[in-house]
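Residue numbers for the sequence shown, in UniProt numbering: 1 to 1128. Backbone N, C-alpha and C define an ideal beta-carbon position, used for all residues, glycine too. What follows is a single structure, written as C-alpha cells, with notes after it.
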Amino acid sequence: MMFTVHRAERADTLADALAMELVKPLADPMQTEIVAVPARGVERWLQQHLATKLGAAPGDTDGIAANIDFSPPTRVVANIIHTLSTDPAAEEFWRTDRLVWPVLATLDDHIDDPRLAVIAHHIGRDKSPDARLRRGRRLSAARTIASLFDSYAWQRPAMLRDWAAGRDVDGASVLPDALSWQPWFWRLVRERVGVPHLAEELDSILAHLSEHPDSIDLPDRIALFGPSRIPQTMRDIMRALAVHRAVNLYLPHPSDALWQSVAAVDVAAGPVHRSANTAVAVSNPLLSSMSRDVIELQQCLAGYTETAYHRASGVPPRALLAHVQAALRADIDTPISGATADTSLEVHACHGPERQVEVLRDRLLRLFADDPTLQPRDVLIMCPDVEVYAPLIRGAFGQLGLDHPAFTLRVRLADRGLRQTNDVLDAVAALLEMAAGRAPVGELLDFAGRESVRARFDFSDDNLDTLANWVERANIRWGVDDTQRIRFGLNGFPQGTAQTGVDRIVLGVVADESEDEWLSTALPLSGVDSTDTDLVGRFTEFVDRLGGVLADLAAPRSASKWAETLVAAIDLLTSTDYETEWQRAQAVGLLGDALALPAGIDPADLELNDIRDLMASLLAARPTRANFRTGELTVCSMVPMRSVPHRAIILLGMDDGSFPRTQGIDGDDVLAVMPLVGERDIRTEDRQVFLDAITAARDHLLVFYSGADPVSGRVVPPAVVVSELIDAVNTVLGADNRAQSPVLQRHSLHAFDTANFDGSPEETPRSFDATLLPGARALAALSASGDKGVAKTLLSTAQLPPRAQADIELDDLVRFLVNPLEGFVRQRLGGQIPEAIDEHPDQLQVTLDGLDAWGIGDRLLTALLAGNDVGVAQQAELRRGTLPPFAFGAQAMSPIVQRAQAVAGAARGWRTGAADAIDIRVQLPDGRRIYGTVGDIYAIDSQTGRLCSVTYSSLSSKHRLQTWTKLLALTANTSSAPSVVEAVVVGRGKGRGAATASSMFRPPADALDILTMLVAFRDAALCRPVSLPLSAANACAQEFGRTGDHKRATSRAGYAYGNAFADRDDKYLGLVFEDQPGAAIDFTTILHAMPTDLADLEHWLPGAAETPMFVRIATAIFGPLLAHEDAR
1 MMFTVHRAER ADTLADALAM ELVKPLADPM QTEIVAVPAR GVERWLQQHL ATKLGAAPGD
61 TDGIAANIDF SPPTRVVANI IHTLSTDPAA EEFWRTDRLV WPVLATLDDH IDDPRLAVIA
121 HHIGRDKSPD ARLRRGRRLS AARTIASLFD SYAWQRPAML RDWAAGRDVD GASVLPDALS
181 WQPWFWRLVR ERVGVPHLAE ELDSILAHLS EHPDSIDLPD RIALFGPSRI PQTMRDIMRA
241 LAVHRAVNLY LPHPSDALWQ SVAAVDVAAG PVHRSANTAV AVSNPLLSSM SRDVIELQQC
301 LAGYTETAYH RASGVPPRAL LAHVQAALRA DIDTPISGAT ADTSLEVHAC HGPERQVEVL
361 RDRLLRLFAD DPTLQPRDVL IMCPDVEVYA PLIRGAFGQL GLDHPAFTLR VRLADRGLRQ
421 TNDVLDAVAA LLEMAAGRAP VGELLDFAGR ESVRARFDFS DDNLDTLANW VERANIRWGV
481 DDTQRIRFGL NGFPQGTAQT GVDRIVLGVV ADESEDEWLS TALPLSGVDS TDTDLVGRFT
541 EFVDRLGGVL ADLAAPRSAS KWAETLVAAI DLLTSTDYET EWQRAQAVGL LGDALALPAG
601 IDPADLELND IRDLMASLLA ARPTRANFRT GELTVCSMVP MRSVPHRAII LLGMDDGSFP
661 RTQGIDGDDV LAVMPLVGER DIRTEDRQVF LDAITAARDH LLVFYSGADP VSGRVVPPAV
721 VVSELIDAVN TVLGADNRAQ SPVLQRHSLH AFDTANFDGS PEETPRSFDA TLLPGARALA
781 ALSASGDKGV AKTLLSTAQL PPRAQADIEL DDLVRFLVNP LEGFVRQRLG GQIPEAIDEH
841 PDQLQVTLDG LDAWGIGDRL LTALLAGNDV GVAQQAELRR GTLPPFAFGA QAMSPIVQRA
901 QAVAGAARGW RTGAADAIDI RVQLPDGRRI YGTVGDIYAI DSQTGRLCSV TYSSLSSKHR
961 LQTWTKLLAL TANTSSAPSV VEAVVVGRGK GRGAATASSM FRPPADALDI LTMLVAFRDA
1021 ALCRPVSLPL SAANACAQEF GRTGDHKRAT SRAGYAYGNA FADRDDKYLG LVFEDQPGAA
1081 IDFTTILHAM PTDLADLEHW LPGAAETPMF VRIATAIFGP LLAHEDAR
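Structure (C-alpha cells):
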C-alpha cells in the first residue's frame, strides 16, 4: 500500500478522481468508506458531487452516495489514537475544555513561583497597587495555556515527548529563557492529570499500527479531501496507515509547475525552522505570496508519498479569469496573448459595506440575465465576517412582495455565530456582561427586548416603547440596584438605578410627581396611567428578577455552582416554546459541558469575570449548524467552502485590515515564536484561501471592497491580496500598473447616479432598480441639456396670498411675535423642525449642563412660588435623580437654590393671594376677535388686578414681549373682568450684577390700536417670512427711539444680535435662509431679506421711506413697549 497525493488545480477534477476510486468496491462491501473533509461546506458539496457519479448510468447524473463517513480528519485520527492507546480515556483529559481545569488548579498552587511572575501580574495575584483591577483573569489565562498545550500535541508531539523526558526543547532546538517556564509547568499539569499525554505513546501507537493493521476497524483505503495543511500528528498517523492501507490525499493545488519547482529543491530531514527553510523560486506573484501553505505541505510530505497529477480537460482559455488561472498553472509572470478585460474577473470599489451589497445585487442580476443557465446554487458569496454583512444581505435579497427583482432571490446565511442563532445563549452572554459591568440603561432595555426575555415577561413592541419612555423620564442611568454601585464606590446613592426608577414608576400609578411627595427614596413619576398597571407589574418583576440574578452572579463560587446559577438564571429570565425549546437545551448543555470538572480537580472558586470570559470564548469558538448548497444563494465565511468550485464566486468585504486577518505574535506560543515548516499561520492561511477562491471560480470571480470613504469620498486602498490580484491581472493583460486597472470598477456613492443606468451597444446598464430609474432619467436629461436646473427655492423668497380672515387665539399671536419665522413655518405652512432626540445618558453627571440646571431651577422656583419649603423641594429633586452624587450634587445645587430663592423673593411682593385667570375677548376693527385666557392675575384690591409672570430664565426681550402683549389684550378686553392696571415680569438678572431683574408695564391708552398693529404685522408675516430676532429688535428700537438715527440703530441691532445666543441659535433662521436648520446666518442677511413692500402695514410703521424696514418694524413693535416700561 502507499500514501498517494492526488493533486489538481480544481476540486471537481479531484472529486472525479475520487469517484473513480470509490467505484471499486471494498473487500467488505458493507464497510463504510472514509472520506475525511476539513469543513462542513466541503462535505456537503462533495457528497452531492459524488452522488452524480457513483451508481449513475453512463451519461446520467442520477447516482447515489451512501455509506460514506465524511468525518473531519482530526476526528478520524483521534478515533485511531483512542482505539490503540493503552489508556483511551487519557485523550479526554488532554482536550482543551477538560485540560483547562487541571491547568487552573496547578496555576493556583504555583502562582507564587518566580517563573510565573508575569502570569501572576496578569491575573492580579501580585502586590501591585492595581492588582485588584486584574482579578477575574484566572480562567482565561488557564484556558489560553490549555489551548497552547493542545495545539502542541497536534503540531509538535515530539516536543511534548521531550518535555515529559525532562528535555526543555522546542522539537528542534533549546527553548529561549522566556519560554522555559512551559516545560516545567506542563510537567506539573501532567502530574495533576495523572495520566501520560498521548504524544508520549505516539511512537508505540505508530509502531503498533504499522505492525498490526487489523487492530483498528478501518477500510482498506482512506481518503483525505481538501486540506492544505496537515499537522505533524496527523501526518504520522496517515504515514503509518499507509503501510498496509491505501491513503489518498486529494489536494487542490494551484500549479503543477509550482509542484515541480518545490520537488526540485532538497528538503532537510526532520523538523526545520521556518526561518531556515530553503526558498523556492516562484515566478508568478500570486503563487509567490499566497501558496506557502501548499508549498510547506509538499515539503513536509516529501520522501514518503507518491503523487498523481490529474490534469483538467477543457478548451483553451478565452476569458480573462481563465488566462489568470492558466498563468498560475504555468507559473509565469508575463503578458498572455489574446487576454482582454471582460466580465469574468472584476474588482469593485464601493463606498462602504452598504454600497458593496447594492452593487453586488445588481451584478448578480446582470449575471443571471446574461446567462439563463446560471442558477443561484451556482453562486457562492464569501466574506471575512458574515455578521457584518448579514443584515445588509437580508435587506437586499429575499424580500418577497417588494419591487426590486433581487427580492425574489433567496439567500442562505450558512455559518452564523451562536449568539445570532440561539437567543437564550445570547441572553446568558448579555447577562454576564451586565453583571461584570455597570448594567447601563441601554443594555437593560436591550436585554428586555431579546425574544426569550420578552416571552418570559410578555413584553410587546408597544410595551418596550412605553418602557423606554418611562426609563428615560424616571432618569434611570446605570445599575439595577446597589450591587453594581458598590464596585464603583457609589453605594448609598441609589438615584439613577433601575430599582429606584421602578419605585418611581410604581408610585406614579397612584400619585403625581408635581405634588413633591415621596415614599422613602422614590418620587412618583408623572404620566403613568392606571391602565398601565399590568405593564408596571411585569416590568417590576423583570427588574426584581434581574437584580436578584445580577447580585447572585457577583459572588465567587465553584464551577458546578456556577452551572447551577446560570441555569437558574435562564429559567428566571427567559422562556421558550415548542419551536425554540432547543435553544434552552443547547444553552444548558453547553454550560454543563464547559463547567464540568474532571474527577479529583477542585480549583479555587471562580469569579464573575472568569465565567464571562469563558462564555465569550465558547460562543466565539463554536460554529452553528451549516446550511450549505441548499439551492439558494449561499453566503458564508471564507473557510467552510474553500476550494469548492462554483460558476461564480463573490468575495465580499475584502477591505484593508479585514482580510487577511491580523495576528500579533503571542509571546507564550512556542509555535508562533519559533515556527516550524508546515505549522499554522493565520495570515498565510487566509492568503491560501484567497488563492483557492481564484482557482475555484469557473466563469466569474467578483471581488468587492470599500474603496472610498462614504462621508469624505477619500480613496481607500483594498486588502493587500486584492492589490496583488490586480497587479497580476494587469501583467496578464499587459496593462500599465500606473493607470487604473481595466478590471477595477469604481462605483458612485449613490445608487441613483446616472452612471448606473447609462447603457450602450457594447455595455448594458449596471442597475436593475426600477424605482430609481425615473430620478436617474431626470438627472440625465438635466445634465444633457446643460441647464443648471431649477434653483433651490428658499423659504426666505416665499410670497403667499393672504389667508382667509379668522379669529385669533391670543397664545398663537404671542408665539408668533416672539419668533415670526417659526410662526410662519408652523402657523402658515403647518410644518416644524423636529426636536433633536438626544440619546438618554447612561452615566451619572459630575456637573450639570445648562439645560439640566435650568430644569432644576424652574422646578424649585415653581415649588417656592407655591409656598413649599425649599428643603422639601430639594429633597424631591434629589429623589428625581437629576443631581450628581454626593458632594457634587450639593455643590451643583447650592447656586441654583440661591437663584431660585432670589427670583421667588423678588416676585413675592407682586403676587398677593391666589392667582386668577381672565378670559379674553378683544374685538378688532376688521371684525375679527382675539380670544384666549391669561393667568397669573393677582388682585390689588376688589376692582383691580396685576399680571405677574415669573421665570427662572434670565429676563429677556422674549419674556418682556410676552407679558406686554398679554397686558395689551387685558387692557383691550371687552369681557367683564377686573381691570388689570399693571403687568410685571420677574426673572434672573444677567451677568454678575443683580441677582434678579424685572420689568413693570403700564397699560397704554391705545392698547387696541397697538394690538391691531401687531395683528397686521402677523398677517403680513404669514404671507412673507420676516426675521425679527428679539434682542436685536429691542436694541434697535431703543437706539432709534433715542436718536432717530437709523444707521446707529442698525449698528446697535447688529451688535446685540452677535451677543445674543438665543437670536443666533434659532434653527428657523437656517431653515428659512439656507434650507439647513441650524446654519449660521449673519445679521446682514437678515437686514437684506427684510421685505420692503408691506403695503398693509405701511401706515403703522414709524420712520421715513429710506429707513430700513427692519428698523421700522422693530420700532413699531418694541417702541410702545419701551415707552410704557419701567425696568428694574
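Collapsed DSSP secondary structure at residue i in the structure displayed
{"i": "Asn248", "result": "strand"}
{"i": "Pro1004", "result": "coil"}
{"i": "Val324", "result": "helix"}
{"i": "Leu418", "result": "helix"}
{"i": "residue 1152", "result": "No answer is possible for residue 1152: it lies beyond the span of the chain, which begins at 1 and ends at 1128."}
{"i": "Ile230", "result": "coil"}
{"i": "Ala587", "result": "helix"}
{"i": "Pro802", "result": "coil"}
{"i": "His273", "result": "strand"}
{"i": "Thr912", "result": "coil"}
{"i": "Cys300", "result": "helix"}
{"i": "Trp478", "result": "strand"}
{"i": "Gly935", "result": "strand"}
{"i": "His6", "result": "strand"}
Inter-residue spacing [alpha-carbon to alpha-carbon] between residue i and residue j
{"i": "Ser128", "j": "Leu116", "result": "15 Å"}
{"i": "Thr52", "j": "Val428", "result": "45 Å"}
{"i": "Ala435", "j": "Met20", "result": "58 Å"}
{"i": "Asn491", "j": "Val986", "result": "41 Å"}
{"i": "Leu160", "j": "Ala153", "result": "7 Å"}
{"i": "Met641", "j": "Asp342", "result": "26 Å"}
{"i": "Arg899", "j": "Arg988", "result": "7 Å"}
{"i": "His212", "j": "Thr32", "result": "20 Å"}
{"i": "Phe774", "j": "Phe752", "result": "The sequence given here has Pro at residue 774, not Phe. Each residue's Cα considered, the two are about 9 Å apart."}
{"i": "residue 1198", "j": "Thr408", "result": "In the structure as shown, the chain starts at 1 and stops at 1128, and residue 1198 therefore has no counterpart that could be examined."}
{"i": "Val37", "j": "Cys636", "result": "17 Å"}
{"i": "Ala863", "j": "Gln843", "result": "28 Å"}
{"i": "Ala917", "j": "Ile930", "result": "16 Å"}
{"i": "Arg880", "j": "Gly871", "result": "14 Å"}
{"i": "Thr1092", "j": "Ser976", "result": "41 Å"}
{"i": "Ser215", "j": "Met2", "result": "19 Å"}
{"i": "Arg137", "j": "Asp610", "result": "6 Å"}
{"i": "Asn819", "j": "Ser894", "result": "34 Å"}
Inter-residue CB distance, residue i and residue j (contact presumed, cutoff 8 Å)
{"i": "Tyr938", "j": "Thr971", "result": "That pair is no contact at about 16 Å."}
{"i": "Leu1030", "j": "Ser957", "result": "4 Å"}
{"i": "Pro1077", "j": "Ile833", "result": "5 Å"}
{"i": "Leu425", "j": "Ala587", "result": "5 Å"}
{"i": "Glu443", "j": "Ala430", "result": "7 Å"}
- Is the region 379-394 touching the region 796-808 in the sense that three or more CB pairs, one from each, lie closer than 8 Å? no
- Count the CB pairs spanning the region 701-721 and the region 341-360 that are closer than 8 Å, and state whether there are at least three. yes
- Query: Using 8 Å as the Cβ pair cut-off and three pairs as the minimum, do the region 66-82 and the region 38-49 touch?
  - Reply: yes
- Task: Please determine if the region 1006-1022 and the region 920-930 are in contact, where contact requires at least 3 C-beta pairs separated by less than 8 Å.
- Result: yes
- Query: Does the pairing of the region 555-571 with the region 598-612 give three or more beta-carbon distances under 8 Å?
  - Reply: yes
- Contact between the region 683-690 and the region 405-418: three or more CB pairs below 8 Å? no
- Item | Three CB pairs or more closer than 8 Å across the region 135-146 and the region 213-232 | no
- Message: When you compare the region 633-652 with the region 364-383, are there three or more beta-carbon pairs, one atom per stretch, that lie closer than 8 Å?
- Response: yes
- Tell me, please, whether the region 287-297 touches the region 310-326 by the rule of three or more beta-carbon pairs shorter than 8 Å. no
- Item | Sufficient close CB pairs (3 or more, under 8 Å) joining the region 191-208 to the region 658-670 | Taking a cut-off of 8 Å for Cβ pairs, the region 191-208 and the region 658-670 do not touch, as fewer than three such pairs fall below it.
- Can you check the region 793-840 for any alpha helix (DSSP H) of at least 4 residues that lies completely inside it and give the ranges in chain order? Runs of the alpha helix (DSSP H) spanning 4 or more residues and lying entirely within the region 793-840 occur at 810-818, 820-823, in chain order.
- Item | Runs of alpha helix (DSSP H) lying entirely within the region 660-719, each at least 4 residues, in chain order | 670-673, 682-696
- Task: Could you tell me whether the region 242-257 touches the region 5-18, where touching means 3 or more Cβ pairs closer than 8 Å?
- Result: yes
- Message: Suppose only complete runs of 4+ residues qualify. What are the alpha helix (DSSP H) ranges in the region 437-488, listed by chain order?
- Response: 441-448, 451-457, 461-473, 482-486
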